[in-house]
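Heads up: the structure comes next, in structure tokens.
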Amino acid sequence: MSETPKTFQLPLNQLDAPAHQLHFESILDSVPDAMVVTDESGTILAFSRAAEKLFGYTAADMIGQPVNRLMAGRDRANHGSYIDNYMRTGERQIIGKGRVVIAARADGSLFPIDLKIGEAKIGEHCLFTAFIRDLTEQQRSELRMQEMQSELVHFSRLSAVGTMASALAHELNQPLTAVANYLEASRDLLDSPDPETREILRGALSEAATQAVRAGEIVRKLRSYVSRGEVDTRPVSLRPLLLDAVALTKTSRDRADIPVIITLADPVDKVLADPIQVQQVVINLIRNAMDAMAGRENARIEIRALLPEERGFVEISVCDNGPGLSPEIKETIFKPFATTKAQGMGLGLSICQTIVEAHGGTIRAVPAPLGGTCFQFTLRQDTGK
Amino acid sequence: MALPLPVTHNPRIAVVDDSEAVRRSLMVLLGSRGYDVDAYPGGPELLAAVGPAGYDCFVIDLKLDRADGTQLLSALRKLGFNQPAVLMSGWEVDSLERLAKQTGFAAHVRKPMMEISLADVLGRLLGKG
Numbered sequence: 147m148s149e150t151p152k153t154f155q156l157p158l159n160q161l162d163a164p165a166h167q168l169h170f171e172s173i174l175d176s177v178p179d180a181m182v183v184t185d186e187s188g189t190i191l192a193f194s195r196a197a198e199k200l201f202g203y204t205a206a207d208m209i210g211q212p213v214n215r216l217m218a219g220r221d222r223a224n225h226g227s228y229i230d231n232y233m234r235t236g237e238r239q240i241i242g243k244g245r246v247v248i249a250a251r252a253d254g255s256l257f258p259i260d261l262k263i264g265e266a267k268i269g270e271h272c273l274f275t276a277f278i279r280d281l282t283e284q285q286r287s288e289l290r291m292q293e294m295q296s297e298l299v300h301f302s303r304l305s306a307v308g309t310m311a312s313a314l315a316h317e318l319n320q321p322l323t324a325v326a327n328y329l330e331a332s333r334d335l336l337d338s339p340d341p342e343t344r345e346i347l348r349g350a351l352s353e354a355a356t357q358a359v360r361a362g363e364i365v366r367k368l369r370s371y372v373s374r375g376e377v378d379t380r381p382v383s384l385r386p387l388l389l390d391a392v393a394l395t396k397t398s399r400d401r402a403d404i405p406v407i408i409t410l411a412d413p414v415d416k417v418l419a420d421p422i423q424v425q426q427v428v429i430n431l432i433r434n435a436m437d438a439m440a441g442r443e444n445a446r447i448e449i450r451a452l453l454p455e456e457r458g459f460v461e462i463s464v465c466d467n468g469p470g471l472s473p474e475i476k477e478t479i480f481k482p483f484a485t486t487k488a489q490g491m492g493l494g495l496s497i498c499q500t501i502v503e504a505h506g507g508t509i510r511a512v513p514a515p516l517g518g519t520c521f522q523f524t525l526r527q528d529t530g531k
Numbered sequence: 136m137a138l139p140l141p142v143t144h145n146p147r148i149a150v151v152d153d154s155e156a157v158r159r160s161l162m163v164l165l166g167s168r169g170y171d172v173d174a175y176p177g178g179p180e181l182l183a184a185v186g187p188a189g190y191d192c193f194v195i196d197l198k199l200d201r202a203d204g205t206q207l208l209s210a211l212r213k214l215g216f217n218q219p220a221v222l223m224s225g226w227e228v229d230s231l232e233r234l235a236k237q238t239g240f241a242a243h244v245r246k247p248m249m250e251i252s253l254a255d256v257l258g259r260l261l262g263k264g
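Pasting the structure below:
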């Protein structure tokens with residue numbers, strides 16, 4: 147594009163009727179999502195009012211500019227080849243599917259967006275229209291809340307075992323100590339014929355019994371506390387849950403770059419789940435995959451959901467193209483405190499397993515078709531009953 | 136007859152533990168072994184009540200409400216009470232053994248005292264059986 151038109155002109159064909167032009171401009175002004183139209187070279191042809199607000203550029207700034215100025219990291223560098231690939235092979239990576247990606251504002255700040263791209267063929271040429279939903283603006287509070295809750299779930303599960311053991315030990319120690327003391331005193335006092343001593347003995351034994359009952363109550367309380375921990379599941383749409391999980395893993399800059407592709411088989415819709423907990427599982431698996439591929443070229447993560455042979459379940463897999471698992475690691479991977487990471491606690495996968503199993507599903511690791519690892523877990527399908 | 140006649144003075148023990156069950160049971164146990172026992176729920180109560188002669192032995196729980204048992208012993212030592220002391224503890228790490236010795240505890244008994252009886256430990260420390 148040698149010339150920079152001030153307003154969008156429907157290009158490359160002869161639809162120059164003023165009514166069409168006006169109509170299109172009114173769309174650009176009023177469409178609530180940010181909308182960016184490019185040609186097949188990735189040059190911006192139109193930039194909606196909402197896009198101006200979202201990115202901090204004016205339409206006049208951006209028309210005629212390469213669209214990758216709005217992108218970050220890997221996407222920014224490779225956008226040209228994405229278009230070339232598509233034009234050459236017709237293989238759709240994003241068109242018609244939608245993805246969560248990271249965008250860059252005029253001031254350089256990065257933010258997660260839900261990106262949908264439509265394609266229009268006009269004569270020999272293609273126009274691409276991107277609809278951009280800002281996940282930061284629209285879901286900041288929701289995501290923040292979910293992140294906090296996830297962290298809370300995570301943290302509470304991390305520390306639950308230790309805290310519970312310590313609290314339980316402390317609580318049980320007091321009555322047990324008292325019981326031991328009373329019984330020891332009773333043994334000493336047993337042979338005494340003195341009525342006064344026998345009264346002390348009687349008191350000691352009855353105190354010992356009371357304290358033993360107290361220890362039993364502590365155990366009973368513990369049991370009811372543990373059984374309250376059962377999951378509270380409800381019908382949840384899988385796609386938004388997965389999208390949000392992906393967006394949460396991308397809010398840290400160093401991870402924003404690894405593409406995460408979500409594919410849901412058609413019949414997959416709702417699952418029975420506690421969304422926060424399941425999101426926690428997905429986030430853990432994505433983070434693991436990202437860590438497994440640190441510094442790797444062409445790293446990518448694929449999340450697929452399909453209906454497995456086992457009826458009544460949905461199978462979700464998170465696959466990476468990292469180095470894969472060695473057989474020794476594979477044996478212990480779901481065990482608590484088994485980790486290959488220097489700073490890792492080795493609890494992530496055991497937490498995932500706990501959550502999945504509490505949902506009535508299973509989780510396993512298998513070699514990935516991409517050459518890395520697939521973590522597959524199942525959830526109950528919501529059949530609307 | 137387990138109770139000795141109060142001809143001479145019985146060894147006096149101060150027990151400090153925030154659990155009432157533990158305090159009461161130790162009073163019965165140590166009382167049956169012929170000790171005079173005063174039990175306190177915390178360090179401040181002991182420090183407020185301890186007379187110039189102090190006690191023949193201090194039995195102090197590690198986990199107290201406001202300060203831990205090692206701090207309480209340090210405070211007692213500063214006030215010039217140099218009688219032997221026994222630390223009781225529940226769920227603490229093994230390094231506690233070293234800390235107990237460093238602070239000057241003569242012995243360390245782990246609750247719930249199934250392995251070593253506090254009464255036996257006191258018997259050894261104070262020459263009673």
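Line by line, the protein sequences are chains W and C. Counting along the first sequence from 1, when you hit position 270 you're at 416 in our numbering, and nothing is skipped either side. Counting along the second sequence from 1, when you hit position 76 you're at 211 in our numbering, and nothing is skipped either side. Here a beta-carbon is modelled for each residue, glycine too, at the ideal position from N, C-alpha and C.
A direct Cα-to-Cα measurement between Ile259 of chain W and Phe274 of chain W gives close to 17 Å.
In this structure, the straight-line span from the alpha carbon of Tyr170 of chain C to that of Glu363 of chain W is close to 32 Å. Taking 3 residues as the shortest admissible run, the region 427-501 of chain W contains the following complete beta strand (DSSP E) segments, listed from N- to C-terminal end: 447-452, 459-466. The DSSP assignment places 380-383 as complete runs of the beta strand (DSSP E) inside the region 311-395 of chain W, in order along the chain (cut-off: 3 residues). Contact annotation for Asn319 of chain W against chain C: Gly225, Trp226, Lys246, Pro247 [CB-CB distance below 8 Å, chain order].
Residues of chain C whose Cβ lies closer than 7 Å to the Cβ of Ala315 of chain W are, in chain order, Gly225, Trp226. Shown here, Ala206 of chain W sits in a helix according to DSSP, grouped into three states. Residues of chain W whose Cβ lies closer than 7 Å to the Cβ of Val157 of chain C are, in chain order, Gln320, Thr323, Ala324. Judged by DSSP in its simplified three-state form, Met233 of chain W adopts helix.
Contacts between Glu330 of chain W and chain C, judged by CB atoms closer than 7 Å, involve Leu164, Ser252, Ala254 in chain order. Under the Cβ distance rule, Arg147 of chain C does not count among the residues neighbouring chain W, no pair being separated by less than 9 Å.
By the rule that beta-carbons nearer than 9 Å mark a contact, Leu260 of chain C does not touch chain W.
For Thr524 of chain W, the uninterrupted beta strand (DSSP E) segment begins and ends at 519-527.
Asp203 of chain C counts as buried, since at least 16 other C-beta atoms from the protein chains shown sit within 10 angstroms of its C-beta. Put simply, the region 498-510 of chain W touches the region 420-432 of chain W. At least three CB pairs are less than 8 Å apart. When DSSP states are grouped into helix, strand and coil, Arg168 of chain C belongs to the coil group. For Gly204 of chain C, no beta strand (DSSP E) segment is defined; the enclosing uninterrupted segment is the alpha helix (DSSP H) at 204-213. Between Asp191 of chain C and Ile148 of chain C a beta carbon distance of about 7 Å is seen, short of the 8 Å cut, so the two are scored as contacting. For Lys416 of chain W, the secondary structure class from DSSP, reduced to helix, strand or coil, is strand. Pairing Gly242 of chain W with Tyr232 of chain W, the inter-Cα distance amounts to about 13 Å. Within its own chain, the residues whose Cβ lies closer than 6 Å to the Cβ of Glu448 of chain W, once the five positions on either side in sequence are excluded, are Ile407, Cys465, listed in chain order. In this structure Pro146 of chain C is buried. Its beta-carbon is surrounded by 16 or more other beta-carbon atoms within 10 angstroms.
Here Met181 of chain W is bridged, per DSSP, to W:Phe277.
The alpha-carbon of Gly262 of chain C is positioned some 58 Å away from that of Ile501 of chain W. Here His225 of chain W carries a helix assignment [DSSP, helix/strand/coil]. At a cut-off of 9 Å between beta-carbon atoms, Arg168 of chain C makes contact with chain W. If you draw a straight line from the Cα of Ala165 of chain W to the Cα of Ala180 of chain W, it is about 23 Å long. An exposed status is given to Asp253 of chain W, since fewer than 16 other beta-carbon atoms sit within 10 Å of its beta-carbon. Rounded to whole angstroms, Arg450 of chain W and Cys520 of chain W show a C-alpha spacing of 10 Å. Interface residue (Cβ-Cβ distance to chain W less than 9 Å): Ser209 of chain C is not classified as such. At a cut-off of 9 Å between beta-carbon atoms, Ile259 of chain W makes no contact with chain C.
The DSSP-derived three-state label of Leu168 of chain W is helix.
For Lys262 of chain W, the enclosing beta strand (DSSP E) covers residues 256-268. Not flagged as an interface residue toward chain C: Gly362 of chain W, since no C-beta distance is shorter than 9 Å. Spanning the alpha carbons of Asp207 of chain W and Met217 of chain W requires a straight line of approximately 16 Å. Under the three-state reduction of DSSP, Lys243 of chain W is assigned to coil, being neither helix nor strand.
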